[in-house]
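Asker: Chains A and B, in that order, give the protein sequences. Counted from 1, the first sequence has number 21 at position 21 by UniProt numbering; the numbering is strictly sequential. Counted from 1, the second sequence has number 51 at position 51 by UniProt numbering; the numbering is strictly sequential.
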Amino acid sequence: MSLVSKDKAPAILITGASGGIGLATLIACLKENWHVFAACRDEKKLKETLASADISASDIEHHLTVLTYDVSDQEAVKQAFRQIQQSPFSLYGLVNNAGVMLDSMLGMTSLAQFEQQLLVNVTACFQHLQLASRLMTKQKQGSIINVSSVVGLDGASGQVAYSTSKAALLGMTKSAAKELAKLNIRVNAVAPGFIETPLTDAYQDEKRQAVLNNVGMKRAGTANEIAATIVHLLRSDSAYITGQCIRVDGLMTVA
Amino acid sequence: MSTNTEKLEAAFVTALDIDASAVTDDLAYNSIEQWDSTAHMILIAELEDQFDVMLDTDDIIDMSSVGKAKEILGKYELSF
């Protein structure tokens, strides 16, 4: 089933689109023939990566608009949404994916580091959610997906700041879903487990094995597996799902 | 071509599902059943669409009446 828009062609905004889960979601959306606004900080890197991806140059040319900005720059975010508002597309989907992960024990985490986690992982998502829902209100249709984490659900030793930010996203998801349901705007979250992305590159050798020992399926997940869940939540097939958090973690137990 | 006042009136009529005659400067947020918090967000979407603007969140919070809406939209170089 495809997305439906009354007037303009529907489009999806993906933040953090140049790597990992964001890039996999971008490619999956392009393969669905949806128009994508890809938010990233480095357009050159994104286009170079896409050039070697399994996606045609024609799809990239016709279905992709790159928005280069920092998600924590509030004025730049407003400008990006203004650009979307004035485009020939109607914002149907938002994937709040951009995030930063801090590995740091409670006693070793500065307040500045904590605030940085909240700024990027929570405040920026809030602003995107707020502005996206305003654009979606006009057509009374939309699907918003916040990329949280299993550590937001379960907590994780050594990730107090990061898990706090990802838990905040779950509250944001459930509350916004309740406010927006009557406008036919859905808000859901996905909670990835240990996924092969640049964010988890630092986990090698024994550190990596220790994590995998706590995964029921005894392997890391792939960005494509998360993207598939996100695409499902964007599609109208999932039109009756809202306010939910879907774990995609191979049955992971977080230590 | 519609005047700004006509566009404003149309936005209120559509968003709040009220008669055009009810759209007076004194009409205030939460003063009638139809202008609740959800309708307010629909109204903002209609105004942004009608006037091709993106309102600041502070302006959305301050938009407490039709008269106030005209005043706020004036900041976006619109006259009534």
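C-beta atoms are modelled at their ideal positions from N, C-alpha and C, and glycine is treated no differently. Fair warning: this is a prediction, and the values are worked out from it, not measured in the lab.
Mind checking A:A202: buried by the 16 CB within 10 Å criterion, or exposed?
Answerer: exposed
Asker: Which residues of chain B have a Cβ atom closer than 7 Å to the Cβ of A:F81, listed in chain order?
Answerer: M54
Asker: Whose C-beta lies closer than 6 Å to the C-beta of A:S238 among residues of the same chain, with five residues either side of it excluded?
Answerer: H232
Asker: Taking only beta-carbon atoms, is B:I61 less than 8 Å away from chain A?
Answerer: Closer than 8 Å: no.
Asker: Can you list the residues of chain B that A:I78 reaches, using a CB-CB cut of under 9 Å?
Answerer: Sequence check: residue 78 of chain A is Lys here, not Ile. Within 9 Å Cβ-Cβ: M54, D56.
Asker: Use the C-beta contact count for A:G221: other C-beta atoms within 10 angstroms, 16 or more gives buried, fewer gives exposed.
Answerer: Only buried fits A:G221, as 16 or more other CB atoms lie within 10 angstroms of its CB.
Asker: Note down, in chain order, each residue of its chain lying with its Cβ closer than 6 Å to the Cβ of B:Y76, except the 5 sequence neighbours on either side.
Answerer: V53
Asker: Measure from the C-beta of A:K174 to each C-beta in chain B and report whether the shortest distance is under 8 Å.
Answerer: Residue contact check for A:K174 against chain B: no CB pair falls below 8 Å.
Asker: On a Cα-Cα basis, can you pick out the residue from A:L183, A:Q117, A:K47, A:S163 that is closest to A:A132?
Answerer: The shortest Cα separation from A:A132 among A:L183, A:Q117, A:K47, A:S163 belongs to A:L183.
Asker: For the stretch 48–120 of chain A, which segments carrying the alpha helix (DSSP H) assignment without a break, of at least 4 residues, lie completely within its bounds, in sequence order?
Answerer: 57–63, 74–85, 111–118
Asker: Terminal residues of the continuous alpha helix (DSSP H) containing A:T242?
Answerer: Neither: A:T242 is in no alpha helix (DSSP H) and is coded neither H nor E.
Asker: Indicate the three-state DSSP secondary structure (helix, strand or coil) for A:L13 in the structure shown.
Answerer: strand
Asker: Identify, in the order they occur along the chain, each residue of the same chain with its Cβ nearer than 8 Å to the Cβ of A:R219, setting aside the five sequence neighbours on each side.
Answerer: L212, G250
Asker: Counting only runs of 4+ residues fully inside the stretch 138–171 of chain A, write out the alpha helix (DSSP H) ranges in chain order.
Answerer: Entirely contained in the stretch 138–171 of chain A, the alpha helix (DSSP H) runs reaching 4 residues are, in chain order, 150–154.
Asker: Using a Cβ distance threshold of 8 Å, determine whether the stretch 93–105 of chain A contacts the stretch 113–129 of chain A, with at least three qualifying pairs required.
Answerer: Enough Cβ pairs lie closer than 8 Å, so yes.
Asker: Can you check whether the C-beta of B:D36 is within less than 8 Å of a C-beta belonging to chain A?
Answerer: no
Asker: Give a yes or no on whether 8 Å exceeds the smallest Cβ distance from A:R219 to chain B.
Answerer: Taking a beta-carbon distance threshold of 8 Å, A:R219 does not count as an interface residue toward chain B.
Asker: Using a Cβ cut-off of 7 Å, which residues of the stretch 79–113 of chain A contact any Cβ in chain B, in chain order?
Answerer: Going along the stretch 79–113 of chain A in chain order, one finds F81, R82, Q85 with a Cβ nearer than 7 Å to chain B.
Asker: Using the three-state DSSP reduction, which class does A:N188 fall into: helix, strand or coil?
Answerer: A:N188 falls in the strand class under three-state DSSP.
Asker: Per DSSP, what kind of secondary structure is A:A38 in: helix, strand or coil?
Answerer: A:A38 falls in the strand class under three-state DSSP.
Asker: For B:A28, name the three-state secondary structure that DSSP assigns.
Answerer: strand
Asker: In chain order, what residues of the same chain lie with their CB nearer than 6 Å to the CB of A:A191, ignoring the 5 residues before and after it?
Answerer: Taken in chain order, the residues that qualify are S148, S149, V150, L153, C245, R247.
Asker: What three-state label does DSSP hand A:V122 in the structure shown?
Answerer: helix
Asker: List the residues of chain A whose Cβ lies closer than 9 Å to the Cβ of B:I42, in chain order.
Answerer: T137, K138, K140, L183
Asker: Would you mind working out which of A:I21, A:L111, A:T15 sits nearest A:F194, comparing C-alpha positions?
Answerer: A:I21
Asker: Taking C-beta pairs closer than 9 Å, name the residues in chain B that A:R134 reaches, listed in chain order.
Answerer: Here the neighbours are M41, I44, A45, E48, M54, L55, I60.
Asker: Using DSSP with H/G/I as helix, E/B as strand and the rest coil, what is A:V215?
Answerer: Strand, per DSSP.
Asker: By Cβ distance, which residues of its chain are closer than 6 Å to B:I18, with the 5 residues on each side in sequence left out?
Answerer: Q34
Asker: Using DSSP with H/G/I as helix, E/B as strand and the rest coil, what is A:S175?
Answerer: helix
Asker: Please go through the same chain and pick out, in chain order, the residues whose beta-carbon is closer than 8 Å to the beta-carbon of A:N214, but skip the five residues on each side of it.
Answerer: If we look at A:N214 and ignore the five residues flanking it on each side, its Cβ neighbours are M252, T253, V254, A255.
Asker: For B:L43, which residues from the same chain have a beta carbon less than 6 Å from its beta carbon, with the 5 sequence-adjacent residues on both sides left out?
Answerer: A15
Asker: State buried or exposed for B:D25, treating a residue as buried only when at least 16 other CB atoms are found within 10 Å of its CB.
Answerer: That one is exposed.
Asker: What do you reckon, are the CB atoms on A:A24 and A:I226 nearer than 8 Å?
Answerer: yes
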